[in-house]
């Protein structure tokens with residue numbers, strides 16, 4: 023029983039971390055209609071900026087973390103200006119391919135600048151786990167879970183209740199119509215990429231705190247993909263529920279199915295989730311029903 | 012469709028329907044084939060190997076061209092389908108000692124059946140969601156190869172492949188493989204040109220441009236999409252079988268998402284919606300890859316702490332930049348640029 027509780031608690035918290043990473047997908051999609059396949063690379067890039075400021079330049083954490091978030095925002099701005107400002111109104115295939123190109127390009131640049139070595143990431147959250155009765159959870163994930171709940175609910179309110187948020191939502195429905203109604207598509211896209219990049223850096227800090235960092239950490243992006251799909255790409259608050267479901271499914275599969283079958287089934291859980299969602303309910307749980315079918 | 016300069020016209024239906032329509036085109040084709048035949052004789056084994064690599068990729072990319080360029084169905088896992096073909100060919104050639112004349116079509120059919128699974132998904136969903144579904148094909152392929160019984164596909168160790176043989180003749184040296192790959196590639200490309208002009212190719216284009224309108228005109232959209240996937244993945248399977256005979260060893264790590272992205276990059280650089288354009292892309296990108304590999308030692312001096320990783324790192328930068336720059340600056344690809352150059356030469360010295 024304690025075993026099961028432990029798995030559930032850890033799965034839930036891991037799922038909340040996935041939700042925060044998936045929030046990077048959702049924010050960019052909600053405000054610019056681009057699905058950012060390079061999300062995992064943004065996380066790694068944010069991680070490297072934090073590492074560079076805190077470990078390499080030896081700034082105190084209280085200065086390094088805000089500076090890193092500003093740095094991540096500037097990177098997001100640069101990427102929007104260089105690539106996506108020229109892609110307004112292109113087909114979804116071109117957009118996805120540009121983000122895939124970005125994924126590969128950022129990985130190459132990280133390798134050239136920082137190399138492939140594994141580096142210790144600064145300890146942002148205390149290392150000792152939180153103990154509640156029989157349940158043992160890592161402290162960074164507890165803080166991370168709280169951050170992701172607050173951010174998701176806050177952004178959900180922002181996108182559906184404020185004037186600016188609604189304007190961004192209009193852009194994600196149709197660039198041309200939004201433009202004709204006097205909404206600046208350019209500003210919306212800048213906002214989306216800057217915010218998406220900052221959220222990725224926050225996710226990187228929670229994910230990597232006290233662990234090791236190299237370019238392969240970007241796999242978290244693919245782990246978070248099913249969360250974004252399950253919630254529906256447009257839903258921000260739904261990410262919390264999607265994240266918890268995926269996190270628990272993965273934790274349980276890892277703990278109970280892997281020893282029983284002997285194969286690494288848990289690694290297949292995210293892909294299975296993607297396939298199931300796409301076949302059964304392509305809009306996800308809370309997405310808008312605008313998927314075209316033939 | 013293919014444009015001929017004004018004044019060149021067909022005087023019989025036979026001539027109008029021909030694949031190669033003018034004497035000059037015959038001449039150009041003849042020179043090209045002659046030059047390709049001379050490569051292993053004049054330039055030696057290294058260039059024959061690069062040529063083999065190009066032929067194999069040409070088959071897989073032509074398949075992707077039919078699925079993505081003509082029918083507009085996004086397939087981000089062409090390498091996984093290639094892998095299905097490679098493992099099928101390796102497995103049946105190893106177990107029953109069959110000739111390549113049987114294993115290569117079998118590999119194509121196996122890949123096409125695997126592709127049909129995902130083609131059926133294309134019936135339900137479109138565009139970006141379709142891209143995601145095909146990415147899962149990559150994970151499924153990898154998981155299946157590693158976890159199926161080792162006697163089938165060698166599990167994590169991979170499979171050794173016996174040399175290709177036909178009527179007692181084996182192909183295992185560089186020149187022999189170059190000829191085998193070249194002949195198969197030529198057949199498959201000619202077939203693709205035929206498919207693109209046929210009723211099916213036109214249906215592909217109609218579905219790509221507007222599937223609702225295509226359905227209104229009496230095209231069976233569901234069947235066309237599934238067919239586009241099957242044909243494209245059949246090509247991937249054939250390419251994979253050639254790859255298996257060429258490397259003589261297959262392993263799951265040879266067929267990654269990264270390889271699929273390279274193939275899409277070839278399509279984007281060459282030009283979507285034209286079989287010849289895809290071939291342009293293959294030649295240009297494989298050429299660039301070889302350039303980066305041979306410049307490896309010089310690059311390593313520039314960044315000494317990276318060591319051998321520099322080639323991998325600069326390949327990443329090259330691939331990312333190629334895709335992004337072509338999509339932003341020349342989304343129609345080199346083929347379009349080539350047509351423009353040809354057109355402006357024809358009307359020279361007039362600007363338009």
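Protein chains in written order, with our numbering: chain E, 23 to 316; chain B, 12 to 363. In this text, a Cβ means the ideal position worked out from N, Cα and C, and glycines have one as well. Here the structure is a predicted model, which means the values were calculated and not measured.
Excluding sequence positions up to five away, which residues of its chain have a Cβ less than 7 Å from the Cβ of residue 16/B? 357
For residue 21/B, decide whether its Cβ has a neighbour in chain E, counting only Cβ atoms nearer than 8 Å. no
Closer than 8 Å to chain B by CB, residue 47/E: no
Which residue from 209/E, 111/E and 66/E puts its Cα closest to that of residue 225/E? 66/E
Beta carbons nearer than 9 Å to chain B: which residues of the region 93-110 of chain E have them? 104, 105, 108 and 109
Within the 8 Å Cβ cut-off, does residue 119/E reach chain B? yes
If you draw a straight line from the C-alpha of residue 335/B to the C-alpha of residue 109/E, how long is it? 10 Å
Any C-beta of chain B within less than 7 Å: which residues of the region 142-154 of chain E qualify? none
Give the DSSP bridge partners of residue 154/E, in chain order. 157/E
Exposure label - residue 228/B; buried when at least 16 CB within 10 Å: exposed
Using 8 Å as the threshold, is the region 55-75 of chain B in touch with the region 184-191 of chain B, meaning 3 or more CB pairs across them? yes
Buried versus exposed call for residue 355/B [16 or more other C-beta atoms within 10 Å across all chains shown]: exposed
When 48/B, 30/B, 96/B and 24/B are compared against residue 262/B, the one with the closest alpha-carbon: 96/B
Looking only at C-alpha atoms, which of 302/B, 122/B, 312/B and 74/B sits nearest to residue 289/B? 74/B
So, is the C-beta of residue 222/E closer than 8 Å to a C-beta in chain B? no
Strictly by DSSP, which residues pair up with residue 281/E? DSSP, once it has assigned bridges, lists no residue as partnering residue 281/E.
Taking only beta-carbon positions, decide if residue 307/E is within less than 8 Å of chain B. no
Three-state secondary structure (DSSP) of residue 316/E: Only weak support is given to the placement of residue 316/E: the predicted model assigns it a pLDDT of 43, under 50, and the question is left unresolved by the model.
Just by C-beta distance, which residues in the region 42-70 of chain E are closer than 9 Å to chain B? 57 and 59
Since residue 300/E and residue 239/B are thought to touch, with beta carbons under 8 Å apart, how far apart are those beta carbons, to the nearest angstrom? Actually they are not in contact, since the Cβ atoms of residue 300/E and residue 239/B sit about 19 Å apart, beyond 8 Å.
At the level of alpha carbons, what is the spacing between residue 83/B and residue 305/E? 22 Å
For residue 99/B and residue 118/B, believed in contact at Cβ under 8 Å, the rounded distance: 5 Å
Residue-chain proximity (residue 160/E, chain B), Cβ-Cβ < 8 Å: no
What does a CB cutoff of less than 6 Å around residue 269/B pick up in its chain, not counting 5 residues either side in sequence? none
Evaluate residue 82/E with the Cβ neighbour count: other Cβ atoms within 10 Å of its Cβ, from every protein chain shown; 16 or more gives buried, anything less gives exposed. exposed
What's the C-alpha gap between residue 148/B and residue 102/E? 30 Å
Starting from residue 175/B and walking both ways along the alpha helix (DSSP H), at which residues does that stretch end? No alpha helix (DSSP H) contains residue 175/B, which is instead part of the beta strand (DSSP E) from 175-177.
Below 8 Å, can you find three or more Cβ-Cβ pairs linking the region 43-51 of chain E to the region 243-260 of chain E? yes
Could you tell me whether any Cβ in chain D is nearer than 8 Å to the Cβ of residue 135/B? No chain D appears in the structure shown, which is made up of the protein chains E and B.
Exposed unless 16 or more other CB atoms sit within 10 angstroms - verdict on residue 70/B: buried
Do residue 199/B and residue 246/B have their C-beta atoms within less than 8 Å of each other? yes
Is residue 222/B buried or exposed, if buried means 16 or more other CB atoms sit within 10 Å of its CB? buried
If you follow the beta strand (DSSP E) that residue 182/B is in, where does it begin and where does it stop? 180-182
Checking the sheet assignment: what are the DSSP bridge partners for residue 171/B? 260/B
Whole-Å CB distance - residue 49/E paired with residue 217/E, under 8 Å assumed: 5 Å
Selection of the region 330-358 of chain B by Cβ proximity to chain E, strictly under 7 Å: 330, 331, 332, 334, 335, 338, 339 and 342
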